[in-house]
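Colleague: In our numbering, the protein residues as written are 3 to 117.
The C-beta atom is built at its ideal place from N, Cα and C for all residues, glycine as well.
Note that the structure is predicted; figures quoted are calculated from it, not measured.
1. Do residue 94 and residue 34 come within 8 Å of each other at the CB atom, strictly closer than that value?
2. Starting from the Cα of residue 45, find the closest Cα among 77, 18, 8 and 72 and give me that residue.
3. With residue 22 and residue 51 assumed to form a contact (beta carbons below 8 Å), what rounded beta-carbon distance in angstroms separates them?
4. According to DSSP, residue 8 sits in a beta bridge with which residue or residues?
5. Quick check on the DSSP output: what are the complete alpha helix (DSSP H) runs of length 4 or more inside the region 56-112, in order along the chain?
6. Leaving out five residues before and five after residue 1 in sequence, what residues of the same chain have Cβ atoms less than 7 Å from its Cβ?
7. Please tell me whether residue 48 and residue 27 are closer than 8 Å, where the distance is taken between their beta carbons.
8. Would you mind reading off the limits of the beta strand (DSSP E) that contains residue 49?
9. State the Cα-Cα distance for the pair residue 81 and residue 40, rounded to the nearest angstrom.
10. Between residue 31 and the rest of its own chain, which residues show a CB-CB distance below 6 Å, the 5 nearest in sequence each way excluded?
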């Protein structure tokens, strides 16, 4: 690291789920190595190139029955939606970092969730 942050790099062998062989996440911490508490300035994740929706480990297909409204009242149709599911791979997404003003209004638990 350059004293301004660090990068975590994960290497993967070819697999059935995504095309990438390397996934990274970078933390910019301007005061890293200084005596005061480190403050994260920014976090950069990476985008995973999934092979297709069926192999995306961050979402699942859910079928729902939907009743018609208006002219279609009484009719029922089945729709398929993609819903987010818990997955280690969400960690590679960059979080929405709050501004300095927003940080001042957060409690300790909310700050820990961002870090």
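Modeller: On the basis of the data shown:
1. no
2. 8
3. 6 Å
4. 29
5. 102-107
6. This structure gives no information on residue 1, because the portion of the chain shown stretches from 3 to 117.
7. yes
8. Looking at the DSSP string, residue 49 is not in any beta strand (DSSP E), and its letter there is neither H nor E.
9. 48 Å
10. 7, 40 and 42
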